[in-house]
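Only one structure is covered here, and it is reproduced in the block below.
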Amino acid sequence: MGFVSTRSFKTKGADERPQGPSVFRSPEDDHLAVDLTTQMKKLVKVAIEWQEVTYTVPVGKRKHRKQRVILDASSGRVTPGHLLAVMGPTGCGKTSLISALAGRLPAGGHLDGDILVNGQPRTKSFRNVSAFVMQDDVLFHNLTVWETFMVAAQLRLPQSMSKQAKLMVVRDVIAELGLAKCANTYIGNAMVRGVSGGERKRANIGVEMMSNPSLIFLDEPTSGLDAFQAQNVMEALWSLAHAGRTVISTIHQPRSSIYSMFDLLYMLSEGKTMYFGPAAEATAYFARWGFVCPPQYNPADFFMDFVSMDYRTPEAETDSRERIELLAHAYRVAGWRGEESLDNIDSLAGIPETFSFQTNWLHQARVLLWRAWMQASRDKIPLAIGIVQMIVIGCVLAAIYSGMDYTQKGINDRLGILFFIAIFTAFGNLMAMLNTFPTEKAIVNRERAAKSYRVSPYYLTKLLAESPARLVQTILFVCIVYWAVGLNPSASRFFIFICVLVLEAFAAQALGIAVSAAVKNDKMALAIAPAVTVCLILFGGFYINSASIPRWLFWIQYVSFLYWAFIALATNEFRGACCWSCDAGPNAPSQGGCLHNGDQILNRLSFGGYRTWEGVLGLVGMILLYNCIGYLNLRFTKPRYQPLHALKKRQ
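For the sequence shown, position 623 matches number 619 in the numbering used here, and the numbering has no gaps at all.
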């Protein structure tokens, strides 16, 4: 794949956080002289301008629905080499503005206006020169910073680009963002100690930097950081801007040292523009309207005080609303306060009109399989918990069901443990997917938006990487339980039993992905999955006999993987078995009610017409069905973005 060692980044005095293993092959020469200009796209200087951008969303019920204005005729311009800070109180429209400019505004409202790139209407080629960094740091926690960047480089840079050139790009980004010290450190999360919050933010930015974007949008890059880490992040953004890029970032309330780094300031309140112009001139501008910033006072704090709505009392709300209307009117009269021209820009003629994948299917699958395997194999805590769970439950079942006899009670015991094993296998593998896949889905959506890869190689490699854990846990569980409780002693039936449960585990895994891919977050997945599973259990063939199911509900059992698993387990255990005795005593069933052989038991379950291979075939069918549903859900539930309705038609 071309991954290489990160040893050159290990410096003296580096922090002692857990370090990721050096999994990359070392190059023969760490000082590669590569002419990147022939292999990587040139940094195109891009200016963005927006005129009368208005965004409204419907609120209220259908009969009384109104349009709420999120952005009210917003206009502005940012040229290369400048860092624009979009400021304002919570809910003022900051995120909506940069999302609209980046083409990442979620669908559901109405967006009007004109957005120009280098003086021309924004086209599909815009995606080739821009990057959007989300507020949430969506990264794989079990990869190091270096590995994260190398994967991004392998997927986002052209496949024709040499491995050495990609290596140099990664090194340049790490150096540019000041991440050399933590290059070998895991990204980390709440369970895995890793990089600091500021380093994680910069790593999130670095992933988007792999394609060398000319225009970078960032949503609250300092949220959740302390003052020192926020300063480091903004210094990195300042460096990116002054290297010739156009950088637009929302920020809530920066300290004075951060505010001094802004070239331009865009102040919003209630969707209206309070100010747009050089950040250094903002205090003088507001002073003209009677809002004089005290000496030695943070201008950002001062601005936020008088552009925020005060809802504590009706009088305060009226005063603040009048103040905001005054400033909005004043800006409409004054207009843009800068003198920026469009002379310092490049032509977009050489930029591809289409935004497409940089690599082929096989290359994507190879990179994604490596990443999925690293993520799964290093996630040792869930794996260990799963193994311990299998051992404990297996021992409990062995203690309860050991020594099952060949009486009528033994028949019920065998049926009970077979169905319990099927349920336990289903729930364990289903919940494993529900706890991991929704979080990963956010990363997938971001990478799909960047055209990093297709859905099919991701889905396939995800299944392959998760399969070893399913195999190990299932086989361990069967080995503990099967012989201890005294199921059919035939060796061939033992191995068939293992195969059935492994297939059931894969079916449950596929169902977990299908449910997770269909919903927005893990809470919805965890709420829906139990209801779906209970329904499948009810029609699994143990609690309700097939002959008792109403005809209009009969189809449910055929889409229940538990039904097919129970058929396979029951026929494997009872087909051809014999010699069950009748219980003695006053409560014993009559001779006519006794079941003496396995075929009679299967007939009582309405499984008499089935063979084990049919249950296995049914499980294979469920695996294919659930995976098709999961793939289609993931394929067609990607984020939808709000289209722009241009106010003017331009050539």
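For each residue, glycine too, the CB sits at the ideal point set by N, CA and C.
Rounded to whole angstroms, how far is the Cβ of residue i from the Cβ of residue j, which I believe are closer than 8 angstroms?
i: Ala232; j: Thr144; result: In fact, because the Cβ distance is near 16 angstroms, the residues do not count as touching under 8 angstroms.
i: Tyr622; j: Ala510; result: 5 angstroms
i: Arg367; j: Lys634; result: Between Lys634 and Arg367 the Cβ distance is about 20 angstroms, and since that is not below 8 angstroms, they are no contact.
i: Ala149; j: Val166; result: 5 angstroms
i: Val616; j: Ala564; result: With a Cβ gap of about 11 angstroms, Val616 and Ala564 do not count as contacting.
i: Ala98; j: Phe128; result: 5 angstroms
i: Leu558; j: Ala418; result: 6 angstroms
i: Pro453; j: Leu393; result: With 8 angstroms as the limit, Pro453 and Leu393 do not qualify as a contact, their Cβ atoms being about 39 angstroms apart.
i: His641; j: Leu107; result: 6 angstroms
i: Lys159; j: Leu153; result: Going by Cβ atoms, the distance from Lys159 to Leu153 rounds to 10 angstroms, so no, they are not a contact pair.
i: His238; j: Gly104; result: Actually they do not touch by this definition, with Cβ atoms about 37 angstroms apart.
Is residue i helix, strand or coil by DSSP?
i: Asn124; result: helix
i: Gln650; result: This structure cannot speak to residue 650, because the chain is shown only from -3 to 647.
i: Met36; result: Reliability fails at Met36, whose pLDDT of 48 lies under 50, so the model's placement of it is uncertain and no value is given.
i: Ser398; result: coil
i: His137; result: coil
i: Trp285; result: coil
i: Cys531; result: helix
i: Pro117; result: strand
i: Ser95; result: helix
i: Leu613; result: helix
i: Asp26; result: At Asp26, the pLDDT of 43 sits below 50, so the modelled position is not reliable and the matter cannot be decided from this model.
i: Gly390; result: helix
i: Thr421; result: helix
i: Val42; result: coil
i: Gly572; result: coil
i: Ser156; result: coil
i: Leu628; result: helix
i: Arg410; result: helix
i: Pro102; result: strand
i: Gly77; result: coil
i: Thr403; result: strand
i: Ser577; result: strand
i: Ser463; result: helix
i: Val382; result: Looking at the sequence provided, one finds Gly at residue 382 rather than Val. Residue state, collapsed to three classes: helix.
i: Pro635; result: coil
i: His60; result: coil
i: Phe562; result: helix
i: Lys447; result: coil
i: Gly151; result: First, the residue type needs correcting, since residue 151 is Leu and not Gly in the sequence shown. If DSSP states are grouped into helix, strand and coil, Leu151 belongs with the helices.
i: Leu601; result: coil
With DSSP as the reference, please indicate the residues paired to residue i in a beta bridge.
i: Val65; result: Thr52
i: Met83; result: Met263
i: Trp366; result: Trp366 pairs with nothing; no bridge assigned.
i: Leu648; result: Past the edges of the chain, shown from -3 to 647, lies residue 648, and the structure says nothing about it.
i: Asp108; result: Thr50 and His641
i: Ser70; result: Val49
i: Val129; result: Leu214
i: Asn431; result: Note: Asn431 sits in no beta bridge, so no partner.
i: Asn678; result: This structure leaves residue 678 out entirely; the chain is present only between -3 and 647.
i: Asn593; result: Cys574
By alpha-carbon positions, which one of the options ends up nearest to residue i?
i: Arg692; options: Leu260, Val481, Thr470 and Thr75; result: Nothing about residue 692 can be reported from this structure: the residues present for the chain run from -3 to 647 only.
i: Lys447; options: Gln131, Gln360, Leu643 and Ser252; result: Gln360
i: Phe299; options: Arg547, Thr269 and Pro310; result: Thr269
i: Gln469; options: Tyr454, His60 and Gly424; result: Gly424
i: Gly184; options: Thr140, Thr432, Ile320 and Thr435; result: Thr140
i: Thr403; options: Leu151, Glu500, Asp595 and Leu591; result: Leu591
i: His137; options: Ala186, Trp560 and Trp46; result: Ala186
i: Ile552; options: Cys574, Thr529 and Ala103; result: Thr529
i: Met520; options: Val440, Cys289, Leu430 and Leu101; result: Leu430
i: Ile244; options: Met305, Ile383, Cys391 and Ala96; result: Ala96
i: Ala514; options: Gly626, Gly406 and Ala566; result: Gly626
i: Val53; options: Arg61, Ile619 and Arg317; result: Arg61
i: Pro117; options: Ser256, Ala501, Tyr271 and Val42; result: Val42
i: Thr421; options: Phe491, Thr91, Gly109 and Met386; result: Met386
i: Asp132; options: Asp168, Gly194 and Asn593; result: Gly194
i: Leu549; options: Trp560, Leu534, Phe538 and Ala561; result: Leu534
Runs of alpha helix (DSSP H) lying entirely within the segment 239 to 318, each at least 4 residues, in chain order: Runs of alpha helix (DSSP H) with 4 or more residues, each lying fully within the segment 239 to 318, are found at 252 to 255, 278 to 283 and 295 to 303, listed in chain order.
Within the segment 169 to 246, ranges of the alpha helix (DSSP H) (whole runs, at least 4 residues): Listed in chain order, the complete alpha helix (DSSP H) runs (minimum 4 residues) inside the segment 169 to 246 are 193 to 205 and 223 to 237.
Contained alpha helix (DSSP H) runs [length at least 4] in the segment 465 to 543, N- to C-terminal order: With a minimum length of 4 residues, the continuous alpha helix (DSSP H) runs that stay inside the segment 465 to 543 are 487 to 514 and 518 to 534.
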